[in-house]
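Chemist: Below is the structure I would like to discuss, written out as structure tokens.
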Amino acid sequence: MLQLTGSFGQFALIGGDRRVLDLNLETTTQYFQEIAIKKPDIVLNELGLYSFIPVGRWGKAKMNSLTVPKHLLQSRKNCLTWNPKGRMYMKPDEITVEPVEYMGEQCSDAFMGECLESVLGVGNQVRDIFATQEGAQLWELAIGNIFQGLGDSFYELVTFGMDSLITSSDSGNWWTGGSTSTEDWDNFIDQQMGIGVKGHIPLIEQAKSDGLPHFNVTIAANDVSDDQYVGTTNEVTKLFDNVLAAAPSKLRILRKRRGNPGVVMLVSLGIFDAYKDYIVANFNTIPDVYQFFLNGEAVPGILRYDGTPVVCMDEWKEYDDMIGVNTHRVVLTAVRNMVVAHDVPAINQFGGIGMRIEQSQELKNKGIVHMYTNFRVGAGIADTDFMVNASRIITP
0 MLQLTGSFGQ FALIGGDRRV LDLNLETTTQ YFQEIAIKKP DIVLNELGLY SFIPVGRWGK
60 AKMNSLTVPK HLLQSRKNCL TWNPKGRMYM KPDEITVEPV EYMGEQCSDA FMGECLESVL
120 GVGNQVRDIF ATQEGAQLWE LAIGNIFQGL GDSFYELVTF GMDSLITSSD SGNWWTGGST
180 STEDWDNFID QQMGIGVKGH IPLIEQAKSD GLPHFNVTIA ANDVSDDQYV GTTNEVTKLF
240 DNVLAAAPSK LRILRKRRGN PGVVMLVSLG IFDAYKDYIV ANFNTIPDVY QFFLNGEAVP
300 GILRYDGTPV VCMDEWKEYD DMIGVNTHRV VLTAVRNMVV AHDVPAINQF GGIGMRIEQS
360 QELKNKGIVH MYTNFRVGAG IADTDFMVNA SRIITP
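For the sequence shown, numbering that gives the first Met the number 0 assigns the number 0 to the initial residue and increments by one for each residue that follows.
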């Protein structure tokens, strides 16, 4: 039995007409944690923005919380009086997970006729990417790209799935102004709108449409221009103050607790850049700001305002560029308030999401490699009382 071992797992040639590659699941876990769920900034991993709920075979994630009884004290009564006060109530909620799958194939034609063909075998083995050690190593690199693509797709789904702006962009051809090909756009729509998972951003917009006051903090129209926050009416710090002031009391108390940050402020790129400009313009005599001016943020993509981490969400900008809109958004949220539910029965997060890869040795298939994985996934917000939203979306 021939074995090749790499960071992707182990390839085993056992015999027969098929070659099977079972990927190391622990390696898969790393890719999903660092690229998919926390895309792309590992600092979000340190802040613990997401919660993960395994649902096993039941297909639903239950989110239950007990209310805290209030105002329990009363004046002392005589011995014949029993007047209980305050009860705890269960606040149930659930996330339904949807089945998703990935089907992929790759043939050696992508490498043939180019300089990379020299790493392949000779004769009939030119179509067998595993025929040489160099070819197997090249395939290992290809596997990394596939994992990144799967990770990015997973993030897109749990963040922007079922976003109505995608439908508007498709019908209005807003997306054609970018570099997205028709094939990529069709695949994008199929992924985002065809699975049925409503992502975190559409869930936030739904809460805004439902009229929750703390999801309707105003960003004035004349404070934004294209993808820039210009602050004609409200300087960027005033916007932050408005968001903090709109926080429900539970979130406000959590934000002021000592220790590790329990609350973070996620902001779009234009707002983050406006805050950087504000710091440099107003505090340029402070040594720390001078170092910031020279070197940027101490932690890339993160500043602070009133003790709260301000996190630049560059991936929101990437999404805007694809669908042809400009979004200005501030989301103040408790950590672990954004929930990702999945059906992988593993202790570690996404420890069981593996991918099976087969290379056919039948002549008619010419060494083609097939890839497949499937799982269930859903997204939710654990408690809207621990979140505030301010947003304005500029469409063509």
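We put the CB at the ideal spot given by N, CA and C, even for glycine.
(1) Is it buried or exposed, residue 278, if we count other Cβ atoms within 10 angstroms and call 16 or more buried?
(2) Check each candidate in 388, 370, 376 and 395 and name the one with the smallest Cα separation from residue 103.
(3) Within 10 Å of its beta-carbon, does residue 396 have 16 or more other beta-carbons around it, so buried, or fewer, so exposed?
(4) Select from 382, 384 and 374 the residue whose C-alpha is nearest the C-alpha of residue 53.
(5) Measuring only the C-alpha atoms, how far is residue 307 from residue 253?
(6) Apart from the five residues just before and just after residue 397, which ones in its own chain have a Cβ nearer than 6 angstroms to its Cβ?
(7) Just to confirm, is the Cβ distance from residue 334 to residue 379 under 7 angstroms?
(8) Mind checking who residue 372 pairs with in its DSSP beta bridge?
(9) Would you mind reading off the limits of the alpha helix (DSSP H) that contains residue 279?
(10) Determine the closest residue to residue 48 out of 95, 336 and 391, with distance taken between C-alpha atoms.
(11) Helix, strand or coil for residue 378, going by three-state DSSP, please let me know.
(12) Might you give, ordered along the chain, the residues of its own chain that have their beta carbon closer than 6 angstroms to the beta carbon of residue 385, omitting 5 neighbours on each side?
(13) So who's on the other strand from residue 302, going by DSSP bridges?
(14) With a cut-off of 8 angstroms, do at least 3 Cβ pairs link the region 198–208 to the region 238–249?
(15) Helix, strand or coil: which one does DSSP assign to residue 178?
(16) In terms of residue numbering, what span does the beta strand (DSSP E) encompassing residue 152 cover?
(17) Should residue 173 and residue 184 be called a contact, given that it needs their Cβ atoms to be closer than 7 angstroms?
(18) If you measure between the beta carbons of residue 122 and residue 131, is that distance less than 7 angstroms?
(19) From residue 300 to residue 230, what does the alpha carbon distance come to, in whole angstroms?
(20) Let me know if residue 158 comes out buried or exposed under the rule of 16 or more other beta-carbons within 10 Å of its beta-carbon.
(21) Can you tell me whether residue 225 is buried or exposed, with buried defined as 16 or more other CB within 10 angstroms of its CB?
Modeler: From the atom records:
(1) For the purposes of this step, residue 278 is taken as residue 279 along the sequence shown, with counting starting at 1. By the neighbour-count rule (16 or more Cβ atoms within 10 Å), residue 278 is buried.
(2) In the sequence shown, counting from the first residue as 1, residue 103 sits at position 104. It is 370.
(3) Missing from the structure shown is residue 396; the chain here goes from 0 to 395 and no further.
(4) Looking up residue 53 in the sequence shown gives position 54. Checked all of 382, 384 and 374; the closest Cα to residue 53 is 374.
(5) What you label residue 307 is simply residue 308 of the sequence shown in a count that begins at 1. What you label residue 253 is simply residue 254 of the sequence shown in a count that begins at 1. About 11 angstroms.
(6) Residue 397 lies beyond the range of the chain shown here (0 to 395); nothing can be said about it.
(7) On the sequence shown, residue 334 is found 335 positions in, with the first residue counted as 1. On the sequence shown, residue 379 is found 380 positions in, with the first residue counted as 1. Not closer than 7 angstroms, so no.
(8) Numbered from its first residue, the sequence shown carries residue 372 at position 373. Looking at the DSSP assignment, residue 372 forms a beta bridge with 101.
(9) Along the sequence shown, one-based indexing puts residue 279 at 280. First-last of the alpha helix (DSSP H) with residue 279: 268–281.
(10) To locate residue 48, count along the sequence shown from 1; it is residue 49. Comparing Cα-Cα distances from residue 48 to each of 95, 336 and 391, the minimum goes to 336.
(11) Against the sequence shown, residue 378 aligns to sequence position 379. Note: residue 378 maps to strand in three-state DSSP.
(12) By 1-based counting over the sequence shown, the position of residue 385 is 386. If we look at residue 385 and ignore the five residues flanking it on each side, its Cβ neighbours are 250, 333 and 336.
(13) Along the sequence shown, read from residue 1 onward, the residue named residue 302 stands at position 303. The partner list for residue 302 (beta bridge, DSSP) reads 309.
(14) no
(15) Locating residue 178 in the sequence shown gives position 179, counting from the first residue. Three-state DSSP puts residue 178 in coil, outside helix and strand.
(16) Here residue 152 corresponds to residue number 153 of the sequence shown, with the count starting at 1. Counting along the chain, residue 152 falls outside any beta strand (DSSP E), though it belongs to the alpha helix (DSSP H) covering 132–159.
(17) If you number the sequence shown from 1, residue 173 lands on position 174. If you number the sequence shown from 1, residue 184 lands on position 185. Against a cut-off of 7 angstroms, the Cβ pair of residue 184 and residue 173 comes out as no contact.
(18) Residue 122 sits at position 123 when you count from the first residue of the sequence shown. Residue 131 sits at position 132 when you count from the first residue of the sequence shown. Result no, Cβ atoms of residue 122 and residue 131 do not sit closer than 7 angstroms.
(19) Sequence index remark: in the sequence shown, residue 300 carries index 301 (1-based). Sequence index remark: in the sequence shown, residue 230 carries index 231 (1-based). Each residue's Cα considered, the two are about 21 angstroms apart.
(20) As a working mapping, residue 158 is identified with position 159 in the sequence shown. The residue is buried, with at least 16 neighbouring Cβ atoms inside 10 Å.
(21) To locate residue 225, count along the sequence shown from 1; it is residue 226. Flag for residue 225 reads exposed.
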